[in-house]
Amino acid sequence: MDTAICGRLALSPNHVFNPKPGDKHSLCKGTCPSLGIPMAISATGSGKGGGVLERPVIEKITPGRESEFYVRKSRKMAPPYRVILHNDNFNKREYVVQVLMKVIPGMTLDIAVNIMQVAHHNGLSVVIICAQADAEEHCMQLRGNGLLSSIEPASGGGC
């Protein structure tokens, strides 16, 4: 436990820091809160042992792995891709709606029904526009559930 008394600081049971007036390493200036005596704690100054260093903030990155910030930033900057649902003559409309709601995060019943109807009438429909890695994952999940699906760059032609 540190004990501060204006003009003296007990650093350890065997060591007492007792600065002299005008000392560069003085710890006493201003008002002492416990005794109402003018003082302030300061640890600035030059020379050996003078000053307190702030702890540096170091982001540890595992070799071969990017920081979470960089990954998020690169995903935002990556060109968007469309996930496209193709009409088929095998799956019932209700099943297509169920799969869309299961596979696509945040998909509502109304939006899933609309996507299914557009694909049924036009032959294909855009399901979602997202980063390429996410688009590939959604496409594979749709295919894994028996639906015909593909992806394409969102900047390209088509829907």
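For what it's worth, the working numbering labels the leading residue of the sequence shown as -17, then goes sequentially. The beta-carbon is built from N, C-alpha and C at its ideal position, and this holds for glycine as well. What you are looking at is a predicted structure, and each value in this text was computed from that prediction instead of being measured.
The beta carbon of residue 95 is closer than 7 Å to those of 79 in its chain, skipping five residues each way along the sequence. Residue burial annotation: residue 75 is exposed, with fewer than 16 other C-beta atoms found within 10 angstroms of its C-beta. In the DSSP assignment, residue 63 is bridged to 112 and 135. Per DSSP, reduced to three states, the secondary structure at residue 82 is helical. Spanning the alpha carbons of residue 104 and residue 116 requires a straight line of approximately 25 Å. Measuring C-alpha to C-alpha distances from residue 108 to each of 77, 61, 134 and 60 identifies 134 as the nearest. Around the beta-carbon of residue 98, 16 or more other beta-carbon atoms lie within 10 Å, marking it buried.
For the pair residue 101 and residue 69, the Cα-to-Cα distance works out to about 5 Å. Judged by DSSP in its simplified three-state form, residue 129 adopts coil rather than helix or strand.
Secondary-structure assignment with DSSP links residue 106 through a beta bridge to 68.
In this structure residue 63 is in contact with residue 111, their Cβ atoms being roughly 7 Å apart against a cut-off of 8 Å. Spanning the alpha carbons of residue 82 and residue 136 requires a straight line of approximately 20 Å.
Between residue 120 and residue 86, the gap from beta carbon to beta carbon is short of 8 Å. Cβ-Cβ distances below 8 Å link residue 127 to 81, 84 and 85 in the same chain, with the five nearest sequence neighbours on each side left out; the list follows chain order.
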